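Q:
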Amino acid sequence: MPLTRSTPKSSLATLKGLLPFLAPYKREFLVAGIALVVAAGATLAIPYAFKQMIDLGFGAAGAKSIQHVNTYFLALFGVACILAVATAARFYMVSWLGERVTADIRSAVYRHVVSQSPQFFETTQSGEVLSRLTTDTTLIQAVVGTSISMALRNALLFVGGLSMLFVTSVKLSSIIIVLLAVVVLPIVIFGRRVRKLSRDSQDRIADASAMAGEILNAMPTVQAFTHEAMESSRFSSLVENAFNTAMRRIRARAMLTLLAILLVFGAIVFVLWLGAHAVIDGQMSGGELGQFILYAAIVAGAIGALSEVLGEAQRAAGATERLLELMAVHSPIQPPTLPQKLPPRSHNGAALVLQEVTFHYPSRPLTASLSHLSLVIQPGETVAVVGPSGAGKTTLFQLLLRFYDPQQGLITLDGVDIRQLDLHDLRAAIGIVPQDTVIFSANALENIRYGRIEASDAEVIAAAKMAAAHEFIEKLPQGYQSFLGERGVRLSGGQRQRIAIARALLKNPPLLLLDEATSALDAESERLVQSALEAALIGRTTLIIAHRLATVQRADRIIVMENGEIVEVGTHASLIALGGVYANLAALQFHAFS
Ligand SMILES: Nc1ncnc2c1ncn2[C@@H]1O[C@H](COP(=O)(O)OP(=O)(O)OP(=O)(O)O)[C@@H](O)[C@H]1O
Ligand SMILES: [Mg+2]
């Protein structure tokens, strides 16, 4: 289910999808709403107070004038105080809501994504998910945090301002409505264009940084192939592209500024001129003219802001759509509603049975990676799995962990169908050392402790000793506290594997899966790990995928796989005697060594 890249403009109705995230904060929305209405009211009162001050304060003659001036200045200041408090309160509440809701959405999306099965990550690039988490949520934050309140405030100001215009002067209002339409329309249209260009330039920058991210992670390969110059120029051309897009935006923006100032001031001067004549002719007082101009400014501002908000809301609708799409993806691997419990752990390890398991990866419906696989593994057994590359060995482990469900057949752990188990119970019973070891950017102690978060330092060190990792960790500059670098770059391949083994052993699982866990070790270190593991394997069932026969020989049983099927089962001796696939592999290896 690859996620689509939808167009940035979507129906505003999509924003309804945000309601579940807004619902918990009804009270905060109410407070913000009250602050907003009070602030809008105060804004609308200011021109009126202004007029009173001019006409009655300055205009009235005589002894009363001083008193009037005092009263009206005080009233104007009072309105300003209310405006200040209400505006600050609105800003605070609305910004809080924006940040809060965005944080909730980010956590919810992340929580959802980390519970997806590997199938999801086969089809979705992690960069895609990251941009959902950052860019898309930021767009939504803009809407919740500013646009909603901007829209409400400006709608109130528009309606209120317009009414007051007509109350002040019907004739001038009619003129100014026409003028506003003439002035605001081109500004709005031009503004749209500027916004689109600025979105384009953000996309170009995202392209460049996505590419840089990938290349920086592969620096040694780039340098080994001496492609530094090529990569630099590839990046430069993306940066140039971003620059050119930015320049188009800047030119458009400069034009917009010119247009806006010229048109708006032209209109204001024109109306002011008309008004001045009306004042001279005695049709209007000076205060009324002042009041009129201020209301006209409020209305014009409201129109501009509303058009801006509409654009933002449409972008946020697009972002919401993408996020909801992500939230709607459901992992095909679901725990049962009434999970069964595993029987109490035996001191011998877990019993594992596969019956006629047939499986193909969802992306390869035509080729079975495992076909009719049947296998009974006794508690405490150590079973080696060998076979050529692509035989399906790793796939078998994936099914045991229930990263995928087989299309046919059954897998049971200690007699319970693994699909009847809670995913956490199942995976808690399994320790795995994967083919590609994963080291987190943390120190050695924390990396091993990832196997069991609550383990004590002493337990971590014991596990490291079992995995033959203690000695090299001790020799690191800060011992167990040494930072291992991003993806473990400060370790050798074999050291990374031993950390991974220690991590799996620390978990102390009844079923241990080792996928070429010692492939990067030299013969001597492998022998060390092997003999250390010997003690660790007592009391647990272990499946070991290995190529090297020295590792395989010690197993109780060897399973030979080819093309997703089990072709031979036996001990080293019996399989050699059989003279089949295994005997061939063995002959090749001994030949190579001799
Ligand atoms: N995620 C996947 N999607 C589609 N096909 C896959 C996927 N992973 C593995 N395969 C295919 O399934 C088959 C079995 O792969 P698997 O990884 O199990 O091999 P393997 O025996 O572990 O090989 P190796 O020894 O090289 O690790 C291969 O043909 C492989 O191309
Ligand atoms: Mg493999």
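Numbering-wise (the working numbering), the sequence shown opens with residue 56 and increments by one. Cβ atoms here follow ideal geometry from the backbone N, Cα and C, with glycine treated the same way. Keep in mind that this is a model prediction, so the values were computed, not measured.
#1: Whose CB is closer than 5 Å to a heavy atom of ligand 1? List the residues in chain order.
#2: So, at 6 Å on beta carbons, what are the nonlocal neighbours of residue 62 in its own chain, with the 5 sequence-adjacent residues on each side left out?
#3: In terms of residue numbering, what span does the alpha helix (DSSP H) encompassing residue 298 cover?
#4: Compare the Cα-Cα distances from residue 212 to each of 236, 76, 355 and report the closest residue.
#5: Compare the Cα-Cα distances from residue 96 to each of 350, 80, 79, 634 and report the closest residue.
#6: Would you kindly work out how many angstroms separate the C-alpha atoms of residue 496 and residue 427, rounded to a whole number?
#7: Using alpha carbons as the reference points, say which of 518, 560, 490 lies closest to residue 549.
#8: For the alpha helix (DSSP H) holding residue 698, just list the boundary residues, first then last.
#9: Report the rounded CA-to-CA distance for residue 320 versus residue 99, giving the unit in angstroms.
#10: DSSP three-state label for residue 339, please.
#11: Could you give the DSSP three-state label for residue 419: helix, strand or coil?
#12: How about residue 490: is its Cβ closer than 6 Å to a heavy atom in ligand 2?
#13: Under DSSP, the alpha helix (DSSP H) around residue 519 begins and ends at which residues?
#14: Counting only runs of 4+ residues fully inside the stretch 425 to 499, write out the alpha helix (DSSP H) ranges in chain order.
#15: Name the DSSP bridge partner or partners of residue 347?
#16: Just how far apart, CA to CA, sit residue 643 and residue 594?
#17: Assuming residue 641 contacts residue 604 (C-beta within less than 8 Å), just tell me the rounded distance between them.
#18: Is residue 199 near residue 156, with beta carbons less than 7 Å apart?
#19: What residues are listed by DSSP as bridge partners for residue 616?
#20: Let me make sure I understand the geometry here. Which of 404, 445, 406 has the alpha-carbon closest to that of residue 424?
#21: Starting from the C-beta of residue 105, find all residues in its chain whose C-beta is less than 8 Å away, skip the five residues before and the five after it, and write them out in chain order.
#22: Exposed or buried, residue 310, counting other C-beta atoms within 10 Å across all chains shown (16 or more means buried)?
#23: Examine the Cβ distances between the stretch 248 to 259 and the stretch 292 to 307 and report whether three or more of them are shorter than 8 Å.
#24: Drop a sphere of 10 angstroms on the beta-carbon of residue 182, count the other beta-carbons inside from all chains shown, and report buried for 16 or more, exposed for fewer.
#25: Measuring only the C-alpha atoms, how far is residue 194 from residue 164?
#26: So, at 6 Å on beta carbons, what are the nonlocal neighbours of residue 93 in its own chain, with the 5 sequence-adjacent residues on each side left out?
#27: In whole angstroms, give me the CA-to-CA distance for residue 177 and residue 417.
#28: When the Cα atoms are used, what is the spatial distance from residue 503 to residue 410?
#29: Measuring straight from C-alpha to C-alpha, what distance separates residue 408 and residue 430?
#30: Roughly how many whole angstroms lie between the Cα atoms of residue 284 and residue 302?
#31: When you compare the stretch 512 to 527 with the stretch 549 to 565, are there three or more beta-carbon pairs, one atom per stretch, that lie closer than 8 Å?
#32: Take residue 541 and list the residues in its own chain whose beta-carbon comes closer than 6 Å to its own, dropping the five residues that flank it on each side.
#33: Decide if residue 438 is buried, meaning its Cβ has at least 16 other Cβ atoms within 10 Å, or exposed.
#34: Hey, how far is the Cα of residue 581 from the Cα of residue 552?
A: Per the coordinate set shown:
#1: 416, 418, 419, 424, 444, 445, 446, 447, 448, 449, 450
#2: Low per-residue confidence applies at residue 62: pLDDT is 45, beneath 50, and the placement is therefore not dependable, though the value from the model is reported in the following sentence. So no residue of the chain qualifies.
#3: 283 to 335
#4: 355
#5: 350
#6: 41 Å
#7: 490
#8: The requested residue 698 does not occur in the structure, where the chain is confined to residues 56 to 649.
#9: 21 Å
#10: coil
#11: coil
#12: yes
#13: 512 to 521
#14: 448 to 455, 478 to 483
#15: Residue 347 pairs with nothing; no bridge assigned.
#16: 34 Å
#17: 6 Å
#18: yes
#19: 621
#20: 445
#21: 131, 342, 345, 346, 349
#22: exposed
#23: yes
#24: exposed
#25: 15 Å
#26: 141
#27: 10 Å
#28: 35 Å
#29: 6 Å
#30: 26 Å
#31: yes
#32: 496
#33: buried
#34: 11 Å
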